[in-house]
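Presented below is the structure to which this report refers.
2 protein chains.
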Amino acid sequence: MTAPSDHPPSDHPHANPDCRAVSELLSRVGDKWTVLVVEALAEETLRFNELKRHVGGISQQMLTRTLRALERDGMVARTVHPTIPPRVEYALTDLGRSLAEPVMALVGWTFANLPTIHAHRETFDRAQDEAEAA
Amino acid sequence: MTAPSDHPPSDHPHANPDCRAVSELLSRVGDKWTVLVVEALAEETLRFNELKRHVGGISQQMLTRTLRALERDGMVARTVHPTIPPRVEYALTDLGRSLAEPVMALVGWTFANLPTIHAHRETFDRAQDEAEAA
DNA sequence: CGGAATCCAGCCTGATACTG
DNA sequence: CAGTATCAGGCTGGATTCCG
Numbered sequence: 001m002t003a004p005s006d007h008p009p010s011d012h013p014h015a016n017p018d019c020r021a022v023s024e025l026l027s028r029v030g031d032k033w034t035v036l037v038v039e040a041l042a043e044e045t046l047r048f049n050e051l052k053r054h055v056g057g058i059s060q061q062m063l064t065r066t067l068r069a070l071e072r073d074g075m076v077a078r079t080v081h082p083t084i085p086p087r088v089e090y091a092l093t094d095l096g097r098s099l100a101e102p103v104m105a106l107v108g109w110t111f112a113n114l115p116t117i118h119a120h121r122e123t124f125d126r127a128q129d130e131a132e133a134a
Numbered sequence: 001m002t003a004p005s006d007h008p009p010s011d012h013p014h015a016n017p018d019c020r021a022v023s024e025l026l027s028r029v030g031d032k033w034t035v036l037v038v039e040a041l042a043e044e045t046l047r048f049n050e051l052k053r054h055v056g057g058i059s060q061q062m063l064t065r066t067l068r069a070l071e072r073d074g075m076v077a078r079t080v081h082p083t084i085p086p087r088v089e090y091a092l093t094d095l096g097r098s099l100a101e102p103v104m105a106l107v108g109w110t111f112a113n114l115p116t117i118h119a120h121r122e123t124f125d126r127a128q129d130e131a132e133a134a
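Residue numbers (UniProt numbering), protein chains in the order written: chain A, 1 to 134; chain B, 1 to 134.
Here's what the structure looks like:
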């Protein structure tokens with residue numbers, strides 16, 4: 001990381017704009033809804049309320065925010081059909097689809113290692129319990 | 001996703017424990033410090049304050065929490081040497097290293113697509129500005 | 001239907017101070 | 001050195017209401 005730009009050694013490394021950008025994207029992927037929305041759109045183009053029903057449990061506000069963020073970064077294309085009633089469609093762009101690939105790899109890793117992780121958790125938590133029992 | 005367990009169709013899909021677990025891990029990866037800590041430990045085993053200096057800008061509390069979470073999931077091994085002064089070493093486990101792989105793929109994608117994303121952002125923001133100018 | 005605006009509770013984060 | 005405890009502030013996410 002930290003491309004060799006001109007950051008002073010006194011400053012901590014990750015104020016670097018590129019690092020911040022990576023961190024930012026990781027946060028977006030890590031947020032509660034982004035992956036779910038992308039997953040829904042990976043299958044097909046959807047309208048706002050279709051998407052809302054498809055994801056399930058998301059508020060309009062969060063759906064709007066998530067979609068705006070994705071649109072701003074060029075992951076999602078928003079198409080407005082000026083009819084009555086209005087019809088707004090959301091679709092993944094090529095960039096969005098290309099992001100989905102490494103993300104799904106990560107999701108795959110998680111599924112594969114879920115049992116291991118849970119086993120560690122239980123061991124760790126039991127150790128904690130007996131430690132505080134003392 | 002959503003393994004065919006026994007969730008009622010009335011409930012939204014992602015209350016499913018496996019989905020929650022994936023979402024949880026995505027959040028961990030997406031949080032401000034995890035990747036930085038893992039990256040630091042990928043190079044070498046480090047003591048608490050070495051790690052703190054290496055990451056830069058992290059508070060002891062956040063470092064402690066991040067390490068505890070990683071340890072709980074079995075990503076990081078914590079070794080206490082009961083000497084005076086105390087010496088505690090942190091190292092990546094095999095699981096931690098195996099996680100680093102797909103995560104680094106994602107980081108790589110981000111770097112590769114940073115220019116594209118920024119271009120989209122500027123276009124989007126300019127469009128917003130002139131929209132609100134009206 | 002597809003939002004925007006507002007309000008509010010809760011969590012996350014960081015700074016600081018204290019302990020073994 | 002390696003933490004824990006406490007507190008304050010900001011951001012996140014949800015509910016509600018209103019508009020085109």
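Each residue gets a CB set at the ideal place from its N, CA and C atoms; glycine is no exception.
Bear in mind the structure is a predicted one, so any value in this text is a computation, not a measurement.
As DSSP reads the structure, V37 of chain A sits in no beta bridge.
Within the UniProt domain "HTH hxlR-type" (19-118) of chain A, the beta strand (DSSP E) runs of at least 3 residues that lie entirely inside it are, in chain order, 76-81 and 87-92. Distance between L99 of chain A and W109 of chain B, taken at the CA atoms: about 7 Å. For the segment 70-92 of chain B, the beta-carbon criterion of a distance under 8 Å to any beta-carbon of chain A is satisfied by E71, R72, D73 and G74. For T116 of chain B, the nearest beta carbon of chain A is closer than 8 Å to its own beta carbon.
Residues of the segment 35-52 of chain B with a Cβ closer than 9 Å to any Cβ of chain A, in chain order: V35, L36 and E39. The beta-carbon of R126 of chain B is placed no less than 8 Å from the nearest beta-carbon of chain A.
For A105 of chain A, the neighbours in chain B by C-beta distance under 7 Å run, in chain order, P102 and A105. In this structure M75 of chain B touches T93 of chain B by the C-beta definition: roughly 6 Å separates them, less than 8 Å.
G96 of chain B has a beta carbon lying at 8 Å or more from every beta carbon in chain A. By the beta-carbon neighbour count (other beta carbons within 10 angstroms, threshold 16), A119 of chain A is exposed. V55 of chain B sits close to A40 of chain B, with the two beta carbons spaced by under 8 Å.
Pairing R53 of chain A with L70 of chain A, the inter-Cα distance amounts to about 19 Å. Pairing V22 of chain B with Q128 of chain A, the inter-Cα distance amounts to about 24 Å. Cβ-Cβ separation between T34 of chain B and T66 of chain B: approximately 6 Å, consistent with a contact (criterion under 8 Å).
Taking the Cβ atoms as the reference, R126 of chain A lies roughly 11 Å from R72 of chain B, outside the contact range of under 8 Å. Under the 10 Å beta carbon count, P115 of chain A is surrounded by fewer than 16 other beta carbons and is classified as exposed. Excluding residues up to 5 positions away in sequence, W33 lie with their Cβ nearer than 7 Å to the Cβ of M62 of chain B in the same chain. Of the candidates A:A112, A:E130 and A:F124, the residue whose Cα lies closest to the Cα of L25 of chain B is A:A112. For L67 of chain B, the closest Cβ of chain A is not nearer than 8 Å. If you draw a straight line from the Cα of L106 of chain A to the Cα of G96 of chain B, it comes to about 13 Å.
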